[in-house]
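Read the structure below first, then the notes.
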Amino acid sequence: MIEDKNQQRTQLGDLGEFGLIDHLTKNFKIKQKSTVKGIGDDSAVLNFENNKVVVTTDLLVEGVHFDLSYMPLKHLGYKAIMVNLSDVYAMNAKATQVTVSIAVSNRFPLEALEDLYAGIETAANIYKVDLVGGDTTSSNTGLLISVTAIGAINANNEVYRNGARPNDLLVVSGDLGAAYMGLQVLEREKEVYKVNPNSQPDLEGYSYIIERQLKPEARQDIVELLSDLNVKPTAMIDISDGLSSEIIHICKQSKVGCDLYENKIPLDPQVISTCEEFNIDSTMVALNGGEDYELLFTISQDDFPKIKANPNLTIIGHIKEESEGLHLVTRADTRIPLKAQGWKNFND
Ligand code: ADP
Ligand code: MG
1 MIEDKNQQRT
11 QLGDLGEFGL
21 IDHLTKNFKI
31 KQKSTVKGIG
41 DDSAVLNFEN
51 NKVVVTTDLL
61 VEGVHFDLSY
71 MPLKHLGYKA
81 IMVNLSDVYA
91 MNAKATQVTV
101 SIAVSNRFPL
111 EALEDLYAGI
121 ETAANIYKVD
131 LVGGDTTSSN
141 TGLLISVTAI
151 GAINANNEVY
161 RNGARPNDLL
171 VVSGDLGAAY
181 MGLQVLEREK
191 EVYKVNPNSQ
201 PDLEGYSYII
211 ERQLKPEARQ
221 DIVELLSDLN
231 VKPTAMIDIS
241 DGLSSEIIHI
251 CKQSKVGCDL
261 YENKIPLDPQ
271 VISTCEEFNI
281 DSTMVALNGG
291 EDYELLFTIS
301 QDDFPKIKAN
311 PNLTIIGHIK
321 EESEGLHLVT
331 RADTRIPLKA
341 QGWKNFND
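Residue numbers (the numbering used here): 1 to 348.
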């Protein structure tokens with residue numbers, strides 16, 4: 001769908017491994033004070049002085065986590081960084097460095113990797129993280145990308161999944177389900193294209209949900225907002241697998257129950273209309289869709305006045321005693337047990 005037939009194709013072998021790494025990373029600038037030595041030695045050297053350090057890794061595999069027939073490589077590079085930064089922000093930390101490791105088959109020309117690194121560079125610039133290393137190797141199958149993100153937390157500001165207490169409010173940033181519905185639209189267009197390769201993808205009216213799928217943003221802004229509002233969540237997690245399973249993680253680890261209100265779940269109008277078109281229940285999409293990269297957290301009731309007027313945050317429920325269980329309170333006011341099913345089963 002997105003292949004440019006006029007594209008130049010330089011064989012990777014023409015550069016050699018060192019030439020390739022150098023070529024791909026030469027434009028990256030060091031921005032963080034904590035980066036003492038970046039790319040170019042056997043290891044990077046970082047100095048966090050008195051801060052605590054968080055480290056997180058994600059591995060993305062072609063055909064499992066992304067499909068290059070509708071995922072431009074530039075977006076893939078950007079998204080690979082976002083997925084990891086989201087995990088750093090979910091600890092209430094500031095992201096500072098990333099490493100990027102790739103395994104590529106020689107069906108990829110140099111220009112494809114340039115696109116991938118252009119996306120990585122854009123993300124690194126916007127989110128002010130330094131690329132400090134990685135590894136490059138060949139693959140006989142598809143493309144693999146592994147990103148490790150490093151972040152810093154000052155004092156005792158880290159937030160775990162296990163701190164939610166009964167009566168805390170359950171809060172989510174942004175809106176949910178859009179990335180999943182964006183994927184449904186892209187999959188549909190891919191099928192149309194298979195039947196008729198001359199067809200133009202019909203993506204009009206779906207721009208928000210497609211952007212949420214192809215170019216998600218990690219919620220650094222929410223971590224800053226909470227700090228500005230002087231609110232420290234009692235528990236926090238990022239929403240990668242769907243609201244339902246993330247609520248279950250917080251409740252299990254905190255040994256609490258909860259009520260989640262269906263009518264409070266934030267949905268973009270484009271999600272609602274696309275769900276109608278596909279005949280899918282929008283609540284199911286928000287609960288089980290995944291890849292939203294929003295933050296889900298709990299706060300003490302005392303902090304309610306500080307967040308209540310904020311358009312980026314929605315209170316979707318509250319925490320209860322463990323013995324009361326985890327429930328979705330539906331629009332019809334019935335209570336259904338929350339389950340972590342999802343259609344995607346083993347998709348992550
Ligand atoms: P080594 O043989 O010690 O593993 P490499 O030759 O793999 O070293 O890497 C040389 C330098 O380039 C190191 O600083 C490494 O972290 C960095 N590097 C290697 N591959 C990548 C990549 N894909 N992206 C960013 N940096 C990389
Ligand atoms: Mg190496």
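Don't be surprised by glycine CBs; every beta carbon is placed ideally from N, CA and C.
Notebook entry, point to check: How many Å lie between residue 335 and residue 314 at the Cα?
Noted result: 20 Å
Notebook entry, point to check: With a CB to CB cut of under 8 Å and the five nearest residues on each side skipped, what residues in its chain are close to residue 27?
Noted result: Here the set comprises 121.
Note to self: Does the distance between the C-beta of residue 401 and the nearest non-hydrogen atom of the ligand ADP fall short of 7 Å?
What the structure shows: Outside the modelled stretch of the chain, which goes from 1 to 348, sits residue 401, for which no answer is possible.
Check: What whole-angstrom Cβ distance do residue 298 and residue 250 have, given they're in contact under 8 Å?
Finding: Indeed they touch by this definition, with Cβ atoms about 7 Å apart.
Note to self: Here's the rule: buried if 16 or more other CB atoms are within 10 angstroms of the residue's CB, otherwise exposed. What is residue 219?
What the structure shows: buried
Note to self: I want to check one thing, is the minimum distance from the CB of residue 130 to the heavy atoms of the ligand ADP below 7 Å?
What the structure shows: For residue 130, the distance from the CB to the nearest heavy atom of the ligand ADP is not below 7 Å.
Check: Are residue 254 and residue 163 close, meaning C-beta to C-beta below 8 Å?
Finding: In this structure, residue 163 lies closer than 8 Å to residue 254 by Cβ.
Check: At which residues does the beta strand (DSSP E) containing residue 71 begin and terminate?
Finding: Looking at the DSSP string, residue 71 is not in any beta strand (DSSP E), and its letter there is neither H nor E.
Notebook entry, point to check: Hey, residue 266 and residue 131 are a contact pair by Cβ (cut 8 Å); roughly how many whole angstroms apart?
Noted result: So it is not a contact: roughly 33 Å between Cβ atoms.
Check: From residue 215 to residue 200, what does the alpha carbon distance come to, in whole angstroms?
Finding: Straight-line Cα distance between these residues: approximately 21 Å.
Check: For residue 88 versus residue 148, is the C-beta distance shorter than 8 Å?
Finding: Contact: no.
Note to self: If I follow the unbroken alpha helix (DSSP H) through residue 244, where does it start and stop?
What the structure shows: 243-254
Notebook entry, point to check: So does residue 100 have its beta carbon nearer than 7 Å to some heavy atom of the ligand ADP?
Noted result: yes
Margin query: In the DSSP output, which residue or residues are listed as bridge partners for residue 149?
Written below: 56, 98
Margin query: For residue 22 and residue 197, I'd like the C-alpha separation in whole angstroms.
Written below: 37 Å
Item checked: Inter-residue Cα distance where the pair is residue 33 and residue 124 -> Using only the alpha carbons, I get a separation of about 15 Å.
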